[in-house]
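UniProt numbering puts the first residue of the sequence shown at 1, with every later residue one more than the last. Glycine residues also receive a C-beta, built at the ideal position from the N, C-alpha and C atoms. Only one structure is covered here, and it is reproduced in the block below.
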Amino acid sequence: MPIRLSVDTCVWLDLGKDYREQPVIAAVEDLVSSGDFELIVPQLVLDEFDRNKARIIEKPDAAFNQAGSQPLRRRCK
Numbered sequence: 001m002p003i004r005l006s007v008d009t010c011v012w013l014d015l016g017k018d019y020r021e022q023p024v025i026a027a028v029e030d031l032v033s034s035g036d037f038e039l040i041v042p043q044l045v046l047d048e049f050d051r052n053k054a055r056i057i058e059k060p061d062a063a064f065n066q067a068g069s070q071p072l073r074r075r076c077k
């Protein structure tokens, strides 16, 4: 039986902000491809991601600079 995981939009956007997260994304892709893992993605998460992805693509440096002034933990806005 595969492991099922639901991830909030802010986590997906955080993964997209930092190229150093590419190994995490690749690992998730491998686990899903192997059938060991299933991602549960509600329509709301898809809609929020679509609405916010352009901001992440356009301003990755701003997100990086902001992260440097905050504690080392992920925050949803």
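- Cβ-Cβ separation between ASP8 and VAL45: approximately 7 Å, consistent with a contact (criterion under 8 Å).
- According to DSSP, residue pairing for SER6 in a beta bridge involves ILE40.
- Bounds of the alpha helix (DSSP H) holding GLU29 are 22–34.
- Segment contact: the segment 18–30 against the segment 46–54, fewer than three CB-CB distances shorter than 8 Å; contact not assigned.
- A Cβ-Cβ separation of about 30 Å leaves ASP36 out of contact with ILE57 under the 8 Å criterion.
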